[in-house]
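Numbering (our numbering), first residue to last: 95 to 325.
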């Protein structure tokens with residue numbers, strides 16, 4: 095039986111991933127910022143905005159003796175979620191209102207802390223574990239056609255670079271790292287008019303895992319059908 099860790103498993107794509115991998119017979123470990131007792135998984139508290147929380151989460155997981163075949167970095171932050179903070183999103187989107195500290199928050203949560211968590215969890219990864227980052231088409235430099243969007247898009251581009259670097263650092267040692275574009279989903283972020291449901295995306299992630307495509311795509315940026323996405 096394979097074991098997967100899915101960060102941010104209490105809503106959206108994360109909840110769909112937890113449900114889908116559980117139904118497929120995987121051992122599932124997940125994280126949430128608060129208590130989520132109703133989740134069908136072993137849940138650890140994790141707040142990616144807090145470096146101490148990352149250390150505490152990793153320490154607790156290692157103390158419990160988990161060994162992961164797959165680590166999915168799903169938890170993240172979109173500046174649009176700060177609707178209550180006047181001008182926050184715009185400060186991460188347009189050059190006129192550019193705020194380096196606010197943009198740095200997206201980079202911290204979406205790229206730096208997932209890599210920090212990966213580092214802390216190295217002893218809990220199997221020899222052939224796959225590290226998968228839930229990226230975004232907005233993080234594609236080659237595919238970018240619209241201006242602005244420095245916070246969220248920049249953070250996903252940085253995550254892509256980090257995963258590429260991790261894959262090269264792993265080399266041919268058995269472990270792999272892949273960035274995945276989940277597509278436009280019907281979530282709080284994507285809205286109701288999006289193309290695909292989180293459940294359908296989760297099933298595609300499961301297929302990629304069980305078909306071994308996270309292994310063969312090592313160091314790549316892919317779509318959920320396995321095709322390559324422009325960097």
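Beta carbons are placed, not taken as given, at the ideal position from N, Cα and C, and that holds for glycine.
Since we're looking at a predicted model, the values are computed, not measured.
{"query": "Straight-line gap, residue 103 to residue 314 (C-alpha atoms, nearest Å)", "result": "24 Å"}
{"query": "Beta-ladder partner(s) of residue 133, from DSSP", "result": "BP columns for residue 133 are empty, so no partner."}
{"query": "Residue 312 versus residue 156: straight-line alpha-carbon distance, rounded", "result": "25 Å"}
{"query": "7 Å CB neighbourhood of residue 250 in its chain, flanking five on each side removed", "result": "204, 229, 230, 232 and 233"}
{"query": "Complete alpha helix (DSSP H) runs within the segment 187-269 (minimum length 4 residues, chain order)", "result": "194-201, 207-214 and 246-264"}
{"query": "Whole runs of the beta strand (DSSP E) within the segment 269-324, excluding any shorter than 3 residues", "result": "270-275 and 315-317"}
{"query": "Buried versus exposed call for residue 321 [16 or more other C-beta atoms within 10 Å across all chains shown]", "result": "exposed"}
{"query": "Meets three-Cβ-pair contact criterion under 8 Å: the segment 253-268 and the segment 287-303", "result": "no"}
{"query": "CA nearest to the CA of residue 304, picked from 120, 109 and 112", "result": "120"}
{"query": "Close Cβ partners of residue 235 (< 7 Å) along its chain, the five nearest in sequence each way excluded", "result": "251 and 325"}
{"query": "Expected contact under 8 Å - CB spacing of residue 210 and residue 145 to nearest Å", "result": "7 Å"}
{"query": "Endpoints, the beta strand (DSSP E) within which residue 115 is located", "result": "Per DSSP, residue 115 belongs to no beta strand (DSSP E); it is in the alpha helix (DSSP H), 106-117."}
{"query": "Given residue 323 as reference, the closest of 276, 293 and 296 once Cα atoms are compared", "result": "276"}
{"query": "Pairwise C-alpha distance: residue 171 and residue 147", "result": "16 Å"}
{"query": "Delimiting residues of the alpha helix (DSSP H) encompassing residue 148", "result": "145-157"}
{"query": "Backbone secondary structure at residue 185 - three-state DSSP", "result": "helix"}
{"query": "Exposure label - residue 212; buried when at least 16 CB within 10 Å", "result": "buried"}
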